[in-house]
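J.: First the structure, which I've put down as structure tokens, then a few questions once you've had a look.
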Amino acid sequence: MARHSAFSEEQVALAAVEFARRESGPGSSKVPNVPVGAGRSVEDKFPARKAHVGFYLVDAGRATLEASIGYQPGLNVRVRRALLASPTATYLGSIAILSVLFVLGLLTYVTLSGGSPAQLIIVGVLGFGLALEAAITIVHWNVTHRIQPQSLPRMDFSEGIPPGNRTMVVVPTLLESAEELNHLLQELELYYLSNPDPQLTYALLTDFGDAPTHSMPEDEELLALASAGIENLNQKYGANAVPVPATQSRFPHGTRGAQQAAPFYLFHRQRQWNQSEGVWMGWERKRGKLADFNRLLLNLGGTAYTTQVGDASILPDIKYVITLDADTSLPQGGANRLIATLAHPLNHAEFAADGRSVVAGYTVLQPRVDIKPTSANRSLFSQIFAGNAGFDLYSFAVSDVYQDLFGEGSYVGKGIYDVAAFERSLAGQVRQNTLLSHDLFEGIYGRAALVTDITLYEEYPWRYMVYARRLRRWIRGDWQLLPWLFPIVHNEKGLALNRLSIINIWKVFDNLRRSLLPPTLLALFAAGWLFLPGSPPVWTVLVLLPSAMPIVAQTVQDGRHSLRSGLPLKQLLKSIQLPLKRWTLAIIFLPYEALLMLGAIGTTLIRLLIARKNLLQWTTAANTSRSLRSNAHYEIWGEMAASLVLTVLLGISIAILNPN
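If you're matching positions, the sequence shown starts at 12 in the numbering used here and goes up one per residue.
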């Protein structure tokens, strides 16, 4: 800033400090204490974000500082700022323009090939999905390569987490077998060993599996094993048997030092009868476990947790919760860095005047999620597919684009949240028995941020059918958010105006669009060979284009790097072997995945709009994997039989209509 103004760096720095000092002086605005329930309020110990010097250096106050010093940015900076001044218009406008150009190109090709009006309509409808995917791929590639990601500001907690930031790491899960329970207890122990700090505690949030009755014969034994496992961990580590390193012991006791002898906890709920699902189950599954746990921490009344193991006296002191899945690993120091990021004043959630919408800061942070190396080598399938999933048109994560452009990421259910602020942002927004995949919804209402420099690791499906069943669950969950595309939504209190922004509505729509892409591509492929004008190979190339674009882009980028570095061509060819294998298998799986997605979408729409039940039907990844261990080949043939029949019939039809 000093280089493009008439002031020195010292003068610019002093100006920033002075702006912050004015806001933090007598009579300045402070963050109000907004009650969220009996016994707890959103209480920020820092002044309003305007009183932090970073507000004028890296946040919304930068324009004020620049104006005060007569800052004159260069042409490149002015152009970039002009484009980013209206990120929604820039992003969606670019996608719209490119999509229209692609569709016009397809229609022109059909017209020049002598197509009829009916054929033009078919190409327009099917080609729109193809054009939209190509346009989004190009826009995302440009955003990620031309906009430098900005890291969120972070406190320095390298000497330990200070008092006032007590955090509990929780794993919401089901008690279904002793084997899985032992695995969970081992993971909980590893979390502690990797992140030892007096301000950190670790807990399992558990339900029993779905059942036809309130109690099952194995329930009592499983709960006793879980309680004993937590108590054994507390006996093993309760007396600080694993000492905190000196570099992390600046705050050795926090506010309740004596209670650090019990770092492990168990919170268990009994089944409740769910009329909509027709089974006895834990209320609202994972979302319910976390919602009940938040109520417990905030002292908002009774919860369904009937069994609690551990010292409950520290619960009112817990400010943050780190939630992980049963197959997620928390690397060394990961918890400290997550807490240090959310604790920064510029990241504190700030609510609008209505007290509901988060307008600045965040209530939840989503770290980057990578695949465990051990998981990636468990099978031939995982070896091929667990790498960069750029070919994966449905599950390819694009949260970094949203974070770079809009300052908001997409929450996928593993991260840290501010208990009071998070619960406040979601109060009254969800009707019971309506949301299976709640993570995106919670991230939108709670305003989530993607923290790309903190990484969690999770398991990757070891067989294709396990992956496919997970994909089906995701699609069902995504389509349950369909009502949030409309101006009026039905929340816990009744009908209300949809408060989602345009870009958040787009996030919901984009998930639905991606689930429709495989059926659209398969239909366009069949139409191109059976009755569309022009060359069938041309239509085939167009169908293969979306899945090939990431590979082509990566190959071009690697080629440039090879030329600059003088690497041999052989090494470049070797680097694209795995992406080509994934691409080939993605083409082979296209008929099956098209039918799978149509089935999941149809099932969800019937349950959502007609039956209005079974929306929470769900099977854990462990159960899915276990169910495929026996007679796997027969199950695979059975599940894929419809797609095989479709492929054979399509091939016969093409052979008859195109004998040459």
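Glycine included, each C-beta is placed from N, C-alpha and C at the ideal position.
(1) Is it buried or exposed for residue 23, if we count other Cβ within 10 angstroms and need 16 for buried?
(2) Please work out which residues of its chain come closer than 7 Å, Cβ to Cβ, to residue 486, disregarding the five sequence neighbours upstream and downstream, and give them in chain order.
(3) I'd like to confirm the pairing. Which residues does DSSP put opposite residue 185 in its beta bridges?
(4) Is it the case that the Cβ atoms of residue 341 and residue 206 are separated by a distance below 8 Å?
(5) In this structure, does DSSP put residue 529 in helix, strand or coil?
(6) Output yes or no for whether 8 Å exceeds the beta carbon distance between residue 529 and residue 601.
(7) Starting from the C-beta of residue 223, find all residues in its chain whose C-beta is less than 6 Å away, skip the five residues before and the five after it, and write them out in chain order.
(8) Taking only three categories from DSSP, how would you classify residue 167?
(9) Given this structure, state the Cα-to-Cα distance separating residue 462 from residue 128, to the nearest angstrom.
(10) Rounding to the nearest angstrom, what Cα-Cα distance links residue 141 and residue 667 in this structure?
(11) Does DSSP put residue 378 in a helix, a strand or coil?
(12) The alpha helix (DSSP H) spanning residue 138 covers which residue range?
(13) Does DSSP put residue 12 in a helix, in a strand, or in coil?
(14) Around the Cβ of residue 187, are there at least 16 other Cβ atoms within 10 angstroms (buried) or fewer (exposed)?
(15) Terminal residues of the continuous beta strand (DSSP E) containing residue 111?
(16) Are the Cβ atoms of residue 422 and residue 377 separated by less than 8 Å?
(17) Could you name the residues of the same chain whose beta carbon sits closer than 6 Å to that of residue 99, not counting the 5 residues immediately before and after it, in chain order?
(18) Considering only their Cβ atoms, is the gap separating residue 392 from residue 474 smaller than 8 Å?
(19) Please go through the same chain and pick out, in chain order, the residues whose beta-carbon is closer than 8 Å to the beta-carbon of residue 502, but skip the five residues on each side of it.
(20) Report the residue from 143, 197, 323 and 293 whose alpha carbon sits nearest the alpha carbon of residue 556.
(21) Rank 562, 499 and 346 by C-alpha distance to the C-alpha of residue 176 and give the top, closest one.
(22) Sort 432, 597 and 662 by Cα distance to residue 363 and report the nearest one.
(23) Work out the CA separation of residue 227 and residue 157 for me, nearest whole Å.
(24) Going by C-alpha to C-alpha distance, which of 281, 436 and 540 sits closest to residue 365?
(25) By a C-beta neighbour count over all protein chains shown, 10 Å radius and 16 as the cutoff for buried, is residue 167 buried or exposed?
(26) Whether or not the segment 465-485 and the segment 371-387 are in contact is what I'm after, with contact meaning three or more pairs of Cβ atoms, one per stretch, closer than 8 Å; do they touch?
(27) Report the rounded CA-to-CA distance for residue 159 versus residue 627, giving the unit in angstroms.
(28) Among all the DSSP beta bridges, which residues are the ones paired with residue 663?
(29) Report yes or no: do three or more beta-carbon pairs, one from the segment 307-322 and one from the segment 271-291, lie closer than 8 Å?
(30) Give the straight-line distance between the Cα atoms of residue 374 and residue 419, rounded to the nearest whole angstrom.
(31) Whole angstroms is fine: what's the gap from residue 505's alpha carbon to residue 554's?
(32) Counting only the same chain and skipping the five closest in sequence on each side, list residues whose C-beta sits under 7 Å from that of residue 248.
(33) Quick one: any contact between the segment 12-27 and the segment 80-97, if contact means 3 or more CB pairs under 8 Å?
(34) Tell me which residue opens and which closes the alpha helix (DSSP H) that residue 459 is part of.
(35) In the segment 575-650, which residue ranges form an unbroken alpha helix (DSSP H) of at least 4 residues, counting only runs that do not cross its ends?
(36) Between residue 155 and residue 229, what straight-line distance do the alpha-carbon atoms span, to the nearest angstrom?
T.: Walking through what the data contain:
(1) The residue in question, residue 23, is buried, as its Cβ has 16 or more Cβ neighbours within 10 Å.
(2) Only residues of its own chain outside the window of five on either side were considered, and among them 526, 608, 611 and 612 have a CB closer than 7 Å to the CB of residue 486, listed in chain order.
(3) Per DSSP, the beta-bridge partners of residue 185 are 218.
(4) Cβ distance < 8 Å, so residue 341 and residue 206 count as in contact.
(5) Looking at residue 529 - three-state DSSP - the assignment turns out to be helix.
(6) Result yes, Cβ atoms of residue 529 and residue 601 sit closer than 8 Å.
(7) No residues qualify anywhere along the chain.
(8) In this structure, residue 167 counts as coil in the three-state DSSP scheme.
(9) Spanning the two alpha carbons is a distance of roughly 50 Å.
(10) Between residue 141 and residue 667, the C-alpha separation is close to 27 Å.
(11) Residue state for residue 378 is assigned as strand, using DSSP reduced to three classes.
(12) Where residue 138 is concerned, the enclosing alpha helix (DSSP H) starts and stops at 128-157.
(13) If DSSP states are grouped into helix, strand and coil, residue 12 belongs with coil.
(14) When all chains shown are included, residue 187 counts as buried.
(15) Where residue 111 is concerned, there is no enclosing beta strand (DSSP E), although the alpha helix (DSSP H) it sits in stretches over 98-123.
(16) Going by C-beta atoms, residue 422 is nearer than 8 Å to residue 377.
(17) The answer, listed in chain order, is 513 and 514.
(18) Yes. Within cutoff.
(19) Leaving aside the five residues that flank residue 502 on each side, the residues in its chain whose CB is nearer than 8 Å to its CB run, in chain order, 439, 440, 441 and 442.
(20) Ranking 143, 197, 323 and 293 by Cα distance to residue 556 puts 143 first.
(21) Of the candidates 562, 499 and 346, the one whose C-alpha sits nearest the C-alpha of residue 176 is 346.
(22) It is 432.
(23) Taking the straight line joining both Cα atoms gives about 57 Å.
(24) Checked all of 281, 436 and 540; the closest Cα to residue 365 is 436.
(25) Exposed is the call here.
(26) Verdict: yes, contact present.
(27) Separation of residue 159 and residue 627 (C-alpha to C-alpha, rounded to the nearest whole angstrom) is 40 Å.
(28) According to DSSP, residue pairing for residue 663 in a beta bridge does not occur.
(29) Result yes; three or more Cβ-Cβ pairs closer than 8 Å.
(30) Inter-residue distance for residue 374 and residue 419 is about 11 Å (C-alpha atoms, whole angstroms).
(31) When rounded, the distance between both Cα atoms is 43 Å.
(32) The beta carbon of residue 248 lies closer than 7 Å to those of 203 and 274 in the same chain, with the five residues before and after it left out.
(33) Under the three-pair Cβ rule at 8 Å, the segment 12-27 counts as touching the segment 80-97.
(34) DSSP places residue 459 outside any alpha helix (DSSP H); the residue lies instead in the beta strand (DSSP E), whose first and last residues are 459-469.
(35) Secondary structure within the segment 575-650: the alpha helix (DSSP H) runs of 4 or more consecutive residues, fully enclosed, are 580-586, 588-617 and 632-638 (chain order).
(36) A straight-line Cα-Cα distance of about 51 Å links residue 155 and residue 229.
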